[in-house]
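There are 2 protein chains.
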Amino acid sequence: MLQGAVTDAIRTAFLEELAEVGYGRLSLEAVARRAGSGKAAIYRRWPSKEAVTIDLIAQVSFAATDTPDTGTLRGDVLAFLTAVDAALRHPLVSRILPDLFAAGIHHPDIADSLRDRVGGAGREKAVSVLRRAVERGELAPDTDFELGLDLLAGPLYWNTTVRQAPADPARLQRLADKVVAALAA
Amino acid sequence: MLQGAVTDAIRTAFLEELAEVGYGRLSLEAVARRAGSGKAAIYRRWPSKEAVTIDLIAQVSFAATDTPDTGTLRGDVLAFLTAVDAALRHPLVSRILPDLFAAGIHHPDIADSLRDRVGGAGREKAVSVLRRAVERGELAPDTDFELGLDLLAGPLYWNTTVRQAPADPARLQRLADKVVAALAA
DNA sequence: CCTAGTCGAGACGCAACCGTTCCGTCTCGG
DNA sequence: CCGAGACGGAACGGTTGCGTCTCGACTAGG
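This is the structure:
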């Protein structure tokens, strides 16, 4: 029974340790201590710290939710921004995500996993928002999706995760207006 | 003569080491080795790894250049985006910056230094771009500067530093158009 | 020419982790 | 009821980094 309580305890401990000390200084010794397990229990499941990390990224991305069709681009954009903003503000995510992106610079496997799982999940949601808008006629058929994705994700990631600004729903409203204008340009 | 060749060698070695292994795994032992100095030479100048980091952030931010007045908002925005994009693509900066932001989560002093020196420098440039546009009448006097800064910095940081996308001048042109539209909205 | 201060080098004791191995215990499925 | 196997725990030898300290060499200014 390799998939059980011990596995979950290790995963949780790993995440908490990641949030506290960061990827670079995380030790499996401390994870085992926190999980109340032996180190062998970890090595029995994963070959390395990097492997645990990649596994966790895959797990977490499962939690990605869908963005509803609100009927208008503006509504869809606001819903997307609100959902992503909330996700970025999750206590563990907000502490871990910048660390993982930084770790990705030194560990290509982590970068790949992040691109596929985190980037990919958000990307699909954003694409469907843009695609629906094109179908409604709110956006031109030749709309630059790549640029649109940057406009949807960038300001949010910068303000929320990098600058660590406090939550502000009204600001999201205004940001949605700006983003819609940019998309239409 | 505490300010001399040795000091510079240590600073350079610290930066290179930072780029290679990241903040968390950086050791002053390795820095001394790379600098061709003794560890004591480092401790004679700074009390800790954190202090060296903060000192370096302050130094580097001096390199920030001015953004010229091109006469139009669109021109100013493009100049700003181009300058920041180039800065973010600097081989050392691109590897170090995400690491420093991640380190800031666990070390408030580093976060403060980043906010003041890196954020502050870019911020002043961006504000002057927006202020000039208001004076020209290209933007409304009640333009939301805070949001404008996110729109100027966010998409770039996301695409260039986080996603590590390759350079693309044409894309910057199109991004400038989008950003101008967003600012005016 | 002397002396004060920095220099590179590296040893010091200490602590943390590494990944592995071995305990004795406990819990299952057969 | 027994054997297989995972369990927590602890120890293994080895590596790395810490911050301090002591060398003898080099280089100033006086």
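Chains A and B, in that order, give the protein sequences. Here the numbering used here = 1-based position in the first sequence + 12. Here the numbering used here = 1-based position in the second sequence + 12. Glycine included, every Cβ here is placed at the ideal spot set by N, Cα and C.
Using a Cβ-Cβ cut-off of 8 Å, Leu159 (chain A) counts as an interface residue toward chain B, since at least one Cβ of chain B sits closer than that to its own. The beta carbons of Arg186 (chain A) and Asp97 (chain B) sit about 25 Å from each other, so the pair does not count as a contact at 8 Å. Close to chain B, meaning a Cβ-Cβ distance shorter than 7 Å, are the following residues of the segment 112–127 of chain A: Phe113, Ala114, Ile117 and His118. Taking a C-beta cut-off of 9 Å against chain A, none of the residues of the segment 46–65 of chain B qualify.
The closest CA to that of Ser49 (chain B), considering only B:Thr24, B:Arg37 and B:Leu195, is found on B:Thr24. In this structure, Val64 (chain B) sits near Phe26 (chain B), with a CB-CB distance shorter than 8 Å.
Around the beta carbon of Pro167 (chain B), 16 or more other beta carbons lie within 10 angstroms, which makes this residue buried. Against chain B, a Cβ distance below 8 Å from Lys137 (chain A) picks out nothing, because the smallest value is about 15 Å.
Rounded to whole angstroms, Ala179 (chain A) and His102 (chain A) show a C-alpha spacing of 11 Å. The beta carbon of Leu93 (chain A) is closer than 8 Å to those of Leu164, Leu168, Leu184, Leu187, Ala188 and Val191 in its chain, skipping five residues each way along the sequence. For Ala193 (chain B), the closest C-alpha among the options B:Arg46, B:Leu90 and B:Phe113 is that of B:Leu90. Across the set A:Ala31, A:Ser60, A:Ala47 and A:Arg37, the C-alpha of A:Ala47 shows the shortest separation from the C-alpha of Ile22 (chain A). For the pair Leu161 (chain A) and Ala196 (chain A), the CB atoms are not nearer than the 8 Å cut-off. In the three-state reduction of the DSSP assignment, Glu136 (chain B) falls in the helix class. In the structure shown, Ser125 (chain B) adopts helical secondary structure according to DSSP, grouped into three states. The three-state reading of DSSP puts Thr65 (chain B) in helix, counting H, G and I together. If you check the CB distance, Asp78 (chain B) and Ala145 (chain B) do not come in under 8 Å.
For Arg57 (chain B), there is no enclosing alpha helix (DSSP H), as DSSP marks it with neither H nor E.
When DSSP states are grouped into helix, strand and coil, Tyr35 (chain B) belongs to the coil group. Collapsing the DSSP output to three states places Gly160 (chain A) in a helix. Going by DSSP, Leu109 (chain B) is part of the alpha helix (DSSP H) stretching over Pro103 to His118. A direct Cα-Cα distance of roughly 20 Å separates Ala42 (chain A) from Leu109 (chain A). At a cut-off of 8 Å between C-beta atoms, Ala179 (chain B) does not count as an interface residue with respect to chain A. Taking the beta carbon of Asp156 (chain A) as reference, the chain B residues within 7 Å of it are Arg186, listed in sequence order. The segment 54–61 of chain A makes no contact with the segment 104–118 of chain A, as fewer than three CB pairs between them are under 8 Å.
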